[in-house]
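Inspection log for the structure reproduced underneath, given as structure tokens.
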């Protein structure tokens, strides 16, 4: 019988495709981790990784990873279902998102309605969300870019324009719209590779055979507006963020491109067990009126 701890260690190696980094994350010695992976491959009768050069998960490893994620996820879901059935209250909810600025309204309303519910918030790139949902590491995910993966259900929350934010003294500040070509050569302050904002920027420029001039990549997305207002560059900013601080000394200009938009959607695992708390969170988020920042209903359904 396969050891559960060995399966958990395999998933870390499969995600990182690097033994020493996986060993560091797991807080174990690399030789011990190597032996665990070798034993697992021996039990299965086939290698799970290609070892020519950099460690890479092979096709057999990818198939096995998907099954292990689902199996361990079901075990965890079973534990949570038993805890909910034998305990009191509504359970807990785990929500992952690329940004929580968008979600502060429904999250605050949810917490007011259910103050005893434990809420876990996880920052996550969209590319990791399908895996985390399949593994049932999280219950719900909110993404600003499509997730193309099997075994997920979703509902669109809202679609909005993404404009360009510039300092008030910038030569383009008086414009009502601007083309991508006019932004070529401008210094951009943006998010790191993988974030939806960066993917949109790269995609818009690549479609025109251009490359954006990036002068700052930031994980602190709240700092992007501050850096732009300080005159360090310009940057793409969704329309939703303009409502966050109308006093920010920035000009927001529409981008003359139908593709300069984002579609925000809520995802969850098809057929996965959701706690009562998670189901109520899904109802709150999907019923939120995003244009006014209010729920459709003043009381959550039971």
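Residue numbers (my numbering): 31 to 332. Glycine is no exception: its CB is placed at the ideal position from the N, C-alpha and C atoms. Source: prediction; values computed, not measured.
State the DSSP-derived secondary structure class of residue i, mapped to helix, strand or coil.
| i | result |
| --- | --- |
| residue 152 | strand |
| residue 291 | strand |
| residue 189 | strand |
| residue 64 | helix |
| residue 226 | helix |
| residue 319 | strand |
| residue 299 | strand |
| residue 305 | coil |
| residue 182 | strand |
| residue 38 | helix |
| residue 75 | coil |
| residue 33 | coil |
| residue 177 | coil |
| residue 45 | helix |
| residue 312 | helix |
| residue 238 | coil |
| residue 144 | coil |
| residue 200 | coil |
| residue 101 | helix |
| residue 165 | coil |
| residue 160 | helix |
| residue 59 | coil |
Name the one or two DSSP bridge partners that residue i has.
| i | result |
| --- | --- |
| residue 80 | 86 |
| residue 136 | None, per the DSSP bridge assignment. |
| residue 265 | 195 |
| residue 217 | 243 |
| residue 123 | 149 |
| residue 208 | 285 |
| residue 248 | 221 |
If you follow the beta strand (DSSP E) that residue i is in, where does it begin and where does it stop?
| i | result |
| --- | --- |
| residue 17 | Residue 17 lies beyond the residue range present for the chain, which begins at 31 and ends at 332; the question has no answer from this structure. |
| residue 51 | Element bounds for residue 51: not the beta strand (DSSP E) but the alpha helix (DSSP H), 49-56. |
Determine, using beta carbons only, whether residue i and residue j come nearer to each other than 7 Å.
| i | j | result |
| --- | --- | --- |
| residue 172 | residue 285 | no |
| residue 151 | residue 170 | no |
| residue 262 | residue 219 | yes |
| residue 84 | residue 44 | no |
| residue 164 | residue 181 | yes |
| residue 149 | residue 123 | yes |
| residue 281 | residue 203 | yes |
| residue 254 | residue 196 | no |
| residue 221 | residue 227 | yes |
| residue 101 | residue 66 | no |
| residue 291 | residue 208 | no |
| residue 166 | residue 103 | yes |
| residue 187 | residue 210 | no |
| residue 240 | residue 271 | no |
| residue 78 | residue 90 | yes |
| residue 269 | residue 183 | no |
| residue 174 | residue 294 | yes |
| residue 86 | residue 47 | yes |
| residue 296 | residue 129 | no |
| residue 205 | residue 283 | yes |
| residue 50 | residue 39 | no |
Residue range of the alpha helix (DSSP H) that residue i falls in?
| i | result |
| --- | --- |
| residue 173 | Counting along the chain, residue 173 falls outside any alpha helix (DSSP H), though it belongs to the beta strand (DSSP E) covering 170-173. |
| residue 130 | Premise fails: residue 130 is in no alpha helix (DSSP H) and is neither H nor E. |
| residue 260 | Looking at the DSSP string, residue 260 is not in any alpha helix (DSSP H), and its letter there is neither H nor E. |
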